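The structure appears below as structure tokens.
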Amino acid sequence: MPAAARTTSPASAASTAVLHRALVNVVVMASLFCVIVGSAFLIRYWRAKAEDPLKSPQAIALKDRLRNEPRNEQLKQQIRELDLALRRQYFRHLAFSHTGGWLLVGGLAVLILSGRQAARLRAQPPLPALKTDAEKRAARTAALARWAVAGVALATGAGFLALSLSAKSTLPDRPQDLAKSLAKLSGEGGPDLADLPKPAEFRANWPRFLGPDGNACVTNFTLPTEINLTNGTGVAWKTAVPLLGFGSPIVWSNQVFLSGATMTNRAVFCFDAATGALVWQRPVTNVPGSPAQPLEIPDSTGYAAPTMATDGRRVFAWFGNGDLAAFTLAGAPVWAKSLGVPKNMYGHATSLACWQGRLIVQFDQGEPEEGKSRLYALDSASGRVLWQKSRPVGASWATPIVADAAGKPQIITLGGKWVIAYAAKDGTELWRFQGLNGEVTPSPIFAAGLVFVISPSDQLFAIRPDGFGDVTKTHQAWASDENVPDITSPVSDGELVFTAASSGLATCFDTKDGKKLWEQDLESEINASPVLAAGRLIVITKKGTLIVAAAAREFKLIAKAELRENVLASPALVANHLFVRTTKSLICLGAKAGTLEVKR
Amino acid sequence: MAAGLSQEEPVNRRQFLRGGLRVAAMTGVGALVGALAGRSATDGTVWQIDPARCLRCGQCATECVLEQSAVKCVHTHAICGYCELCTGYFVPDPNALNTGAENQLCPTAAIRRKYVEDPYYEYTIDENLCIGCGKCVEGCNRFGNGSLYLQIRHDRCLNCNECSIARVCPGDAIHRVPARHPYLLKTTVSH
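First to last, the protein sequences are chains E and A.
Going by the numbering used here, the letters in the first sequence line up with residues 1 to 600, in that order.
Going by the numbering used here, the letters in the second sequence line up with residues 1001 to 1191, in that order.
The following block contains the structure:
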């Protein structure tokens, strides 16, 4: 705005001054008016309060006097005049209150309006005082600002420096390690093998169902010369198992692991292999994806039929309701998940297997046409699915093996009518063989360069594992239909194959041509798969009779011992000790040693 | 027909918005009117004296926040006996049955006495003068038919949240009543 416009003309200033003066006069008059009216108000109010005309003592006295002088006309007149005066006084007071109130309101309104207007005419904008040291202060402020900026920059730099020195990236330093980590995250890479035990250590332990490679055969083993549960001869220890389960024991170093379950409880147990003491037990609860409602599973299978497995650093347990849990050897939970509730009319029983940091899970269920069956390879450290393959089979009960067959690691699985081999690394199907029937329960074994599979109560097949695609017509080495078991798995020392049918019939075949060499009726029902221990065939009947026979071309009974409890699980053989799970206990047969020494 | 259709101008955006606003405004006005009508129809409450519980203590004249109380004397003529010696009008043992100030009970001469026929007189209340002292009510109820009684007049009552007379009423005669029926009228003789 130009300066000329802001200046006020003399005429305008004069008229403003006149107006202001008039308003001030109005304010004064209104104030005076309000004071007068207000004072009058107060005076009348106090007077009326003190002298209520309607309660005039004078009127009361006159009326009392009239009672004594009823004919006194002058007195009557006096009362009437006083009454009129009092009533006039009273109603005048009321009228004044009414009128005076409005007058006071009006006076106050005029006072406020004129006062505001007068104040507005004399309003002055604030005029800041002249600062004589403005230049000095500006220079000081600028210097301070420079120091502040420098200080903040210094602090920020120091912070970044401290951060860069203290914080270590979780990413690997070397590009090749980074690429490996990224590959692992995307599921392309395998698990970290650096931390895993050596293969020799696996062979010295019993890390899964039917031993390290699924063929329950150990070559360096000394059986106790005498076993007597009554007097304890040949028995290192015997410990009660808190929960029922038909899974077999697994052994790693000086620890024996078992799982047990009921309809509502699931748990993993760890026993000291030297003393049988229960080292730890862990419940398996709150597994993500676990079914909310308990499952009905037949008693013949139970809720903990699958045998546990270990990769040497962690143990894994799978239960009938589909819960899969991993613990460290010390019992700390690592991961747990549910791959889904198994659709299995007899109850889920397939055991786990481990191979190079992978947990192999054969999850066959339902009917073939439902397409629900899968083979999973999980990262054993995290439970992450590394790969999975759909399987063209329905529910099965056989446990897969991982065998170095035909120069490559193969996962050999049974289910439905198929024997299917997958590449262990990525799950690529290598070959398949059609020949199975019924409810496939016996697990495959690999020995003498052949894969031995059982079609329950039907045939024993020997298959060469070096084919591709459907090898049904090309890779069958031999087959036998004599005394074929329906539940138990075969066992082989590479020269001979032994079977033990649930009927109690033990049979020996030549691995080369499948020729039956002998058969022997053990005269007792058998549910547990037989094992081989340094030239001895060990069979434990369902009623708990441990039978030792020569693993030779001719049958020769060597020893018998009564465990006096029912046995449905296969024994584990480690360091000259035989670990047997009965329906009630865990029994360790062998010398009573202070510690169990496992060869590595 | 086709020609007629072609002559219609299409509705442009401005017309559409204007029409929409008009409809919205009319709807709003309608809703406001409806809400106000609904509010006025709802039953509020007002203060009122229950004549059956009134003790004629006289505090109605002094305790009201108004300088001249909102309580006034009312008269139900259907109950009145039209007595020549009205005990609500005359002081006890009056000097004479006339309108002389020495004979009237009302301190403000708010009751008018009018001859009807011998020996009946009609009594009416001048509400502008009545201060609600209840002296006439006491006289009428004590010796007459009780046709005079006190009521809170709602042209004057401020309908305070808490009635200052009700706070001190010894007979607990003042209550809130529905605004649709603001007066509790006497219909029967009381002695």
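All C-beta atoms, glycine included, are put in the ideal place defined by N, C-alpha and C.
Every value quoted in this text rests on a predicted model; they were computed, and no experiment measured them.
Asked	Found
W147/E - containing beta strand (DSSP E), residue span	First-last for W147/E: A134 to S166, but that is the alpha helix (DSSP H), not the beta strand (DSSP E).
Chain A within 7 Å of N72/E, Cβ atoms only	no
Proximal residues of chain A, C-beta to C-beta of K63/E below 7 Å	E1102
Residues near E1063/A by beta carbon distance below 6 Å, same chain, minus five either side	S1164, I1165 and V1168
Pair within 7 Å by beta-carbon distance, L378/E and F363/E	no
Rounded straight-line distance, which links the Cα of C1054/A to that of D1172/A	8 Å
Residues near R1153/A in its chain [Cβ-Cβ closer than 6 Å; skip 5 each side]	A1070 and K1072
Reference A304/E; option with closest CA among F269/E, A274/E, P333/E and Q293/E	F269/E
For C354/E and D173/E, the rounded distance between their alpha carbons	31 Å
Chain-order list of residues whose beta-carbon lies under 6 Å from that of A424/E (same chain, five-residue window excluded)	W355, V402, P409 and I411
For G320/E, the nearest candidate out of F327/E, P207/E, T307/E and R92/E (CA to CA)	T307/E
Nearest-angstrom beta carbon gap, S351/E and G247/E [assumed within contact, 8 Å]	7 Å
Which residues DSSP lists as bridging Y1089/A, in chain order	According to DSSP, which records beta bridges pairwise, Y1089/A is partnered with nothing at all.
Y1089/A vs R1112/A beta-carbon contact at 7 Å	no
Backbone secondary structure at P342/E - three-state DSSP	coil
Residue environment, L1005/A, which counts as buried when at least 16 other CB atoms sit within 10 Å	Any answer about L1005/A is weak, because its pLDDT of 43 lies below 50 and its placement is not dependable; what the coordinates show is given next. Counting Cβ neighbours within 10 Å, L1005/A comes out exposed, since fewer than 16 surround it.
Rounded C-alpha distance that separates Q520/E from D299/E	30 Å
Length of the line joining the Cα atoms of F461/E and L450/E	9 Å
For T545/E, the three-state DSSP class (helix, strand or coil)	strand
I1174/A and I1049/A closer than 7 Å at C-beta	yes
Chain A contact residues for L42/E, given Cβ-Cβ distances below 9 Å	Chain A residues near L42/E: none, gap ~14 Å exceeds 9 Å.
Residues bridged to V18/E [DSSP beta-bridge criterion]	DSSP, once it has assigned bridges, lists no residue as partnering V18/E.
Extent of the continuous alpha helix (DSSP H) run through C1140/A	K1135 to F1143
Any C-beta of chain A under 7 Å from that of R87/E	yes
Stretch-stretch touch, CB-based, cutoff 8 Å, three pairs: the segment 514-534 of chain E with the segment 494-506 of chain E	yes
Boundaries of the alpha helix (DSSP H) in which V1168/A is found, first to last residue	S1164 to V1168
N68/E - DSSP class collapsed to helix/strand/coil	helix
Reference P79/E; option with closest CA among R1176/A, T1099/A and R1022/A	For the record, residue 79/E in the displayed sequence is Ile; it is not Pro. If we check each option's Cα against that of I79/E, T1099/A comes out closest.
Supposed contact pair K542/E and N566/E - C-beta distance, whole angstroms, cut 8 Å	6 Å
C1106/A vs A1061/A beta-carbon contact at 7 Å	no
Cutoff 7 Å: K49/E Cβ touching any chain A Cβ	no
R600/E versus W431/E: straight-line alpha-carbon distance, rounded	Any reading at R600/E needs caution, since the residue's pLDDT is 36, under 50, leaving its predicted position unreliable; the model's value is listed next. Between R600/E and W431/E, the C-alpha separation is close to 34 Å.
Within 7 Å, strictly: CB atoms of S443/E and V484/E	no
Chain E contact for P1107/A (CB, 7 Å cutoff)	yes
Assigned secondary structure, A1031/A (DSSP; H/G/I helix, E/B strand, else coil)	helix
Length of the line joining the Cα atoms of T1187/A and P1170/A	24 Å
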